[in-house]
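Protein chains in written order, with our numbering: chain A, 109 to 1085; chain B, 1047 to 1440.
Worksheet: the structure to be examined is printed underneath.
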């Protein structure tokens, strides 16, 4: 026995140690209270304690108190050693928890006695404690046994009472939790397809467990890799004593422990040899599943598997019984005859139909051979074959011609086959027979009908089809198949138009069919356009009718059609050609009118309608003069007559007409005669174009060219004005300065005159006068001032002349011809254009003063003169280049008979013969790009010839020059300008 | 006494000019002739400082005459006085004429232009430089900018704005375009100091004609002088231009003055370009000298050429008729005290901006950096503004 000696006096301590060791005790020592407490505090210290009351650190009393506070059982037996021995001291010591008391100095015997007493008490205490523990264990064992018994009892009741597998599973779980006191129980079945899944079938748990298991899977997830998977699919019961610490549960152990699931048992549920699932039971206590409990659980799981099996067996048996009952009923009431014989061919069973057909009742034929039905019509070899086949275990099929009880013969087809037991041995034969007498007759009839129908279908030169209510082809003939570009009708059957035709066509056909089905009205002789997916188009003439079954119910449609594509294509081509022709004629922006040989209108295009305001309908078939066209009818009629007579092309320009909106326009009309070809009918084509716009455009172009040439002139004119402005300014500046000097001089002269008058002339004054005169540069001024004034006046006159000429040249806003002084117009133009020619040419004019006024558009006329002058100047410039020489431009006017003639001559390069014919063409120019538009001469020509009825011509010699001759008719001027 | 030759085929013009200019007879010796041929004969006999000629004349026009004068007497200043506004003719003279005056031209303007070009002569006493500057038709451009402008002009959708911006960045192109718009070549109003505005006034077609037909721009050839970086000059010019602009905007209410400051800043070193392009060897020597002696490049130039790039630039831009404030700012940007100005003007801004940029990036390969002339700033009462300008410079 272990004794602690706590004594601060080393002599006493050593003495006690030796003494006690000698007495057989195991001795520990402590020098002070603190050391003693260190040895005592962890509870596995000595059983006896010799404690000095007065000891440093904690004293004896303190140690007693602390032990009492810390431990409630297995306290060491404490003997206090002390010099104190008053009653109060003793009371205090016992109160603090000391068991005995020894006053120093003590006798060895007393010490020994006291120690023995203490030892006895300690031993007794220990024995008592052990006994109590044993009793407690016994009690728990009993309790558990009771519980197990209770559970097993309850469970046997559950098993007996439950006939539903799921309910059984649930009740099992409930029992484990409610009566078994387990924390949670659940059953998982293995997933059907995926064996790495357990699907929860039932579960129960104590209310505080917040967990819902529906399925557990492993494999790809961590369950598959950390070994948990093996836990979920145990092949023998597995116990996890401590979920929190078990390495197999490391991924979920902590979560489970938090839910109070601290130990578990996993019980495989195997039905026969087949693993079905697992029963999991969890307990809140660690190591709850000891051997006893595990055994209980295993037993329970066994009971459960048996329970499941018996429930399933019960169910299966019931199902088989049901099937059998249904089958025998079906056989009994079957519309075919059923006969079952034993291996010798003796009848064991016939059904109702057999009896009705043959007239033999079941009782009559029982044990007999089916040969009672033999009529002798079926050959013997057939029977031999029959036996051979069925005894060999094969099915025989064939036909019998048999006799009924009443002697009547009948046909039946039969299927005879062996019946085998579960080991595969043949036990019976089964004959299933059907009467075919009527069927055979009908078949024969049908065969003949079908032949007729087939012959009709396959030989008639038309496409025939039958469709069901949804548009599916039920039947098509060969002609139809060919029409579809196929060889086998089977390729069509079951399909619809949508499989063969374009979407739109199939849709239309479907709508037609629906209409036929709903209304019952056929579609007859319809010309139908078929469009195929590849864009091909065919035409058929078709009749479609509703297809009615023998009961009079509409079940679909059928149709018969003929391919009329060829005919249709020809019609279309003709139609298209006609339409294209009409479109073409309509699209021509000229009026096209065709007249037949009687002068009646047979064609009238859109432009004719739009331009003349007469609709097509009002024109066709009428004569032109009846059409109320507002035009110069007599002119048109005249030229038509002329054309009919001489059969030639005729043109009529500037025919005035009135548009539908009342505005006036000009037409250019061409008449061509038809009928000069052999097979052509005689007639006339009148084509006419509104040329008002063209005429107007020509006017605009003329105007534009004028503006352009004025623009060109502007730079020159600016120069012409800037030059005089410069010197006029300079001169005036000079005059200003001079005047200043002169005024000063005049002042000095004033002084001189005053001096002369008063006789006070001095030599100084005389010198001043001379100096001032010199200062004023008087000689220079006398010479220059008159010239400066003269030149300034010239300059001003020059500017005025240019400005005036400009105004005359431009002549804006003149629309009618006015009597014009051509000479003056020419001079203005020369002035305005001076900058164009002055660097290259001298201008010589020879203008006839007696030339009368000429009616003309003077603006246009100036334009012509300007064009001729500019061309001349350019021609000269090209010739003289930069030699510094100047050419000559001559302008002459005179009167020649009824004409005013203007000649503009230059000494330029002349016009080469090869371009002489082109110079009046619009846009023809010899100048480099960007210089001149090439419009000048073309417009001059148009102005002179078209606007004035004059003429323009030229004479030219290369290297010598050119002369243009313009003639304008003198005529009567409408008014004087 | 300056010698001026007037050429016009219109006798009334000649006589008018003669009378009007008679008051100048004590300062100028004037001759009046009626054709280009006569003018060339006279020039053969004696030197003239300035020739004023009509454009459109028979046989030999003003452009042809000036081309000859440029070839034979390059020092002579050539001024067109014409009443003709045909663009084709004008373009012909762009290369050879220094300035273009439009008829009618008032007496003061004519006298002033001639007098100003005569006065410019005083800027450069060195014979050789004067010759080189008078001969110059273009100022070379930074190759990358030149190429960019040409490319943009060839683009069918070219934008005037972009072209103007590009030209504004290159002093060669900016100076030339300003010459054209500031003279009466295109009959535009005077005193335009923004190249972008100039390009706008001319229009894209004229700019195209000028670049592709008349070749008013040219490329700087870097290989001639490797010790001189046109890119650095370009950077410096742009910086001084924008700084001078900022300073001017701060100090002056006159927007024209601000534009002038910008342009003068951009162009202030155009003399360097003239020297580097035409006298690379001597200019290189001046750079070396500046480095060796640690003196300002400007002083070194004076030693080598007898004049500095400031005067050369001022002379060129003056000849080209750029606005006076710009010419003055360029000419005196190193020594603003030599001008007669008493108040803030573009010169003040350019001088300060130039000195500040030099101080900030003193370039050891170009000698001593120039510094701010404090006496001058005191005289224009701007001495207190330096710190603020310095801020703007950053």
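Idealized CB from N, CA, C, for every residue including glycine.
For residue i, which three-state DSSP category applies?
i	result
residue 330(A)	Low confidence applies here, because residue 330(A) scores a pLDDT of 48, under 50, leaving its location unreliable and the question unanswered by this model.
residue 649(A)	strand
residue 640(A)	coil
residue 1246(B)	helix
residue 831(A)	helix
residue 292(A)	strand
residue 394(A)	coil
residue 491(A)	helix
residue 772(A)	strand
For residue i and chain A, any beta-carbon pair shorter than 9 Å?
i	result
residue 1104(B)	yes
residue 1069(B)	yes
residue 1058(B)	yes
residue 1063(B)	yes
residue 1130(B)	yes
residue 1202(B)	no
residue 1342(B)	no
residue 1427(B)	no
residue 1161(B)	no
residue 1464(B)	Residue 1464(B) lies beyond the stretch modelled for chain B, which goes from 1047 to 1440, so this question has no answer here.
Find the nearest neighbour of residue i within the set the options, judged by alpha-carbon distance.
i	options	result
residue 565(A)	773(A), 668(A), 213(A)	668(A)
residue 355(A)	220(A), 724(A), 371(A), 345(A)	371(A)
residue 1256(B)	1095(B), 1083(B), 1289(B), 1139(B)	1139(B)
residue 447(A)	1054(A), 458(A), 441(A), 437(A)	458(A)
residue 66(A)	692(A), 645(A), 660(A), 680(A)	One cannot answer for residue 66(A) here, as it falls past the ends of chain A, which runs 109 to 1085.
residue 835(A)	897(A), 776(A), 815(A)	897(A)
residue 1282(B)	1246(B), 1198(B), 1407(B)	1407(B)
residue 879(A)	857(A), 927(A), 541(A)	857(A)
Between residue i and chain B, is the shortest Cβ-Cβ distance under 9 Å, so that the two count as touching?
i	result
residue 829(A)	yes
residue 839(A)	yes
residue 1054(A)	no
residue 832(A)	yes
residue 836(A)	yes
residue 1016(A)	no
At a cut-off of 8 Å, would you count residue i as near the ligand GTP, judging by its Cβ distance to the nearest heavy atom?
i	result
residue 677(A)	For the structure depicted, the ligand GTP is absent and the ligand set is empty, with no information on it obtainable.
Applying the criterion that 16 or more other CB atoms from any shown protein chain within 10 Å of the CB defines a buried residue, is residue i buried or exposed?
i	result
residue 684(A)	exposed
residue 279(A)	buried
residue 813(A)	buried
residue 1372(B)	buried
residue 1017(A)	buried
residue 1057(B)	exposed
residue 431(A)	exposed
residue 1023(A)	exposed
residue 488(A)	exposed
residue 214(A)	exposed
Between residue i and residue j, how many whole angstroms is the CB-CB distance? I'm expecting something under 8 Å.
i	j	result
residue 1395(B)	residue 1307(B)	4 Å
residue 688(A)	residue 652(A)	The pair is not a contact, with the Cβ atoms about 34 Å apart (cut-off 8 Å).
residue 918(A)	residue 799(A)	Actually they are not in contact, since the Cβ atoms of residue 918(A) and residue 799(A) sit about 29 Å apart, beyond 8 Å.
residue 763(A)	residue 743(A)	6 Å
residue 1314(B)	residue 1286(B)	6 Å
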